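Numbering (the working numbering), first residue to last: 5 to 156.
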């Protein structure tokens, strides 16, 4: 029987918020991660870290319902940026000085998809998407939607 090796591993050069870079595909790109209230919202921190591993800067926008499945602290840690949970006079949904290169709605609930379709902008996610639509029309950004809903 082999003896266990209790030698501690070498220290990591990474800080608590750092990620190991796996690629350069998204280097210099800013991604708005828009998280809505489906159970798949629990995976949003993993999505944020995966985007960061490709070099992206990620800012999370969440609905109140999304916070049933994930937390502001978890998303702030995984994105390394403050999380937008509501609209404020700072108009975070307008992207400020750093316009987003892409908007990723993951997960996109049926409710949120229909709100966007009908022009309802009543939370941080839908207001952000409403402002992004004009930029999409000018070819300045893209919106990617990952639908999630019960399959029955």
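Glycine included, C-beta positions come from ideal geometry on N, C-alpha and C. Fair warning: this is a prediction, and the values are worked out from it, not measured in the lab.
Task: Unbroken beta strand (DSSP E) run spanning residue 112, endpoints - done: 106-113
- [ ] Identify which residue in 145, 9 and 73 has its Cα closest to the Cα of residue 108.
- [x] 145
- [ ] Since I believe residue 26 is in contact with residue 57 (beta carbons under 8 Å), could you give me their beta-carbon distance rounded to a whole number of angstroms?
- [x] 4 Å
Open item on the list: For the pair the segment 74-92 and the segment 116-123, tell me if three or more CB-CB distances fall below 8 Å.
Closed with: no
- [ ] Rounded to whole angstroms, what's the CA-CA distance from residue 48 to residue 8? Just pull it up for me.
- [x] 37 Å
Task: Reduced DSSP secondary structure (H/G/I, E/B, other) of residue 34 - done: strand
- [ ] Classify residue 92 as buried or exposed, calling it buried when 16 or more other Cβ atoms lie within 10 Å of its own Cβ.
- [x] exposed
Open item on the list: Within a Cβ cutoff of 6 Å, which residues of the same chain sit near residue 70, ignoring the five residues on either side of it in sequence?
Closed with: 39, 40, 41 and 45
Open item on the list: Does residue 142 come out as helix, strand or coil in the three-state DSSP assignment?
Closed with: coil
Task: When 78, 110 and 105 are compared against residue 137, the one with the closest alpha-carbon - done: 105
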